[in-house]
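Chains as they are written, first to last, in our numbering: chain A, 9 to 123; chain B, 13 to 124. Just so it is clear, CB atoms sit at the ideal spot from N, CA and C, and this is done for glycine as well. What follows is a single structure, written as structure tokens, with notes after it.
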Amino acid sequence: DTEVTQTPKHLVMGMTNKKSLKCEQHMGHRAMYWYKQKAKKPPELMFVYSYEKLSINESVPSRFSPECPNSSLLNLHLHALQPEDSALYLCASSQERFANTGELFFGEGSRLTVL
Amino acid sequence: AQSVTQLDSQVPVFEEAPVELRCNYSSSVSVYLFWYVQYPNQGLQLLLKYLSGSTLVKGINGFEAEFNKSQTSFHLRKPSVHISDTAEYFCAVKGNTGKLIFGQGTTLQVKP
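Below, the structure is given as structure tokens:
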């Protein structure tokens, strides 16, 4: 069982919709990440939160808006997406930001389809 | 800048046969190397990691990898694969900024 829980598992939305992806971890980790993954490709880092503050934004378009309400929760708000934004969105956590152990704990992902 | 090259995009193998998934890296600083596995419709899971010490690293599910500094390689091996090992495997190196740099992935297809 994954210790990082993502909801929803599947999401279909139109280009004018507003939706949110949610991620939760109860391992006491202080760093949380959003990745985007296209089919048969490696994950691409989008955002990093460290101690509930945005630490890294990898030049992600503003139609993606992250939020970290507390140390256990991470949201990704979606608005006015494009069909090319269809992908698997993975949440991950680690004890500290970019911990030397390198171990990221990933959720199962939210598969997003933009029509 | 660090980079990772996975030399095979797909590796088909029969059940109970040995397998090697190849990974080469480039890094100008201390090397931290990882293998992650992604089963169908799931997130990534750490298989094993090399941080320092013994160059032969053992991981979960019977996998092991050998760090070879002179050849800048970190190949993943398993002596006998199972159908359940069918998955996407990603080699990764920790970059200067601390971010994980992933290779393009290798699809392991285990046939009965």
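CB of residue i within 9 Å of CB of residue j, strictly
i, j, result
"A:LEU82", "A:ARG71", "no"
"A:GLU11", "A:GLN45", "no"
"B:LEU88", "B:ALA77", "yes"
"B:SER25", "B:VAL122", "The residue you asked about is not Ser; residue 25 of chain B is Val in the sequence shown. Yes, the Cβ-Cβ distance between B:VAL25 and B:VAL122 is below 9 Å."
"B:SER15", "B:SER38", "yes"
"B:ALA99", "B:TYR51", "yes"
"A:LEU98", "A:LEU120", "no"
"B:LEU112", "A:LEU53", "yes"
"A:HIS37", "A:SER94", "no"
"A:SER80", "A:LEU19", "no"
"B:ILE72", "B:LEU60", "yes"
"A:TRP42", "A:LEU84", "yes"
CB contact check: residue i to chain A, cutoff 9 Å
i, result
"B:GLN116", "yes"
"B:PHE26", "no"
"B:LYS70", "no"
"B:GLY55", "yes"
"B:PHE46", "yes"
"B:LYS81", "no"
"B:LYS123", "no"
"B:LYS90", "no"
Residue range of the beta strand (DSSP E) that includes residue i
i, result
"A:SER68", "The sequence given here has Val at residue 68 of chain A, not Ser. Taken as a continuous stretch (DSSP letters only), A:VAL68 belongs to no beta strand (DSSP E), as it is neither H nor E."
"B:THR98", "B:THR98 -> no beta strand (DSSP E), and no H or E assigned at all."
"A:THR121", "118-122"
"A:LEU53", "52-58"
"A:GLN14", "12-15"
"A:TYR43", "39-45"
"B:GLN18", "15-18"
"B:THR119", "118-123"
"B:LYS61", "56-62"
"B:PRO24", "22-26"
Below-9 Å beta-carbon distance, residue i vs any chain B residue
i, result
"A:ARG105", "yes"
"A:ASP36", "Note that residue 36 of chain A is Gly in the sequence shown, not Asp. No, its Cβ sits nowhere closer than 9 Å to a Cβ of chain B."
"A:THR109", "yes"
"A:LEU120", "no"
"A:ALA100", "yes"
"A:VAL12", "yes"
"A:PRO51", "yes"
Reduced DSSP secondary structure (H/G/I, E/B, other) of residue i
i, result
"A:SER94", "coil"
"B:SER42", "coil"
"B:ASN80", "strand"
"B:ASN36", "strand"
"A:ASN125", "Since the first and last residues shown for chain A are 9 and 123, residue 125 of chain A lies out of range."
"B:ASN73", "helix"
"A:SER102", "strand"
"A:HIS85", "strand"
"A:LEU112", "coil"
"B:HIS87", "strand"
"A:HIS137", "The structure shown does not extend to residue 137 of chain A, since chain A is modelled only from 9 through 123, so no value can be given for it."
"B:SER66", "coil"
"A:SER73", "strand"
"A:ASN78", "strand"
9 Å Cβ cut-off: residues of chain B touching residue i
i, result
"A:LYS48", "SER21, GLU100, GLN116, GLY117 and THR119"
"A:GLU116", "ASN53, GLN54 and GLY55"
Proximal residues of chain B, C-beta to C-beta of residue i below 8 Å
i, result
"A:GLU92", "Per Cβ cutoff of 8 Å: no residues; A:GLU92 is ~19 Å from chain B at best."
"A:LEU29", "Near A:LEU29 there are no residues of chain B at all, since even the closest Cβ is about 13 Å away, more than 8 Å."
"A:PRO16", "Simply none; closest approach about 14 Å."
Partner residues on chain A for residue i, Cβ-Cβ distance less than 8 Å
i, result
"B:GLY110", "ARG105 and PHE106"
Partner residues on chain A for residue i, Cβ-Cβ distance less than 7 Å
i, result
"B:LEU58", "GLU111"
Chain-ordered chain B contacts of residue i [CB-CB under 7 Å]
i, result
"A:GLU75", "Under the 7 Å cutoff, chain B gives no residues; its nearest Cβ is about 21 Å from A:GLU75."
Residue i Cβ short of 8 Å to the ligand SAM heavy atom set
i, result
"B:LYS70", "Ligands displayed in this structure: none; no statement on the ligand SAM is therefore possible."
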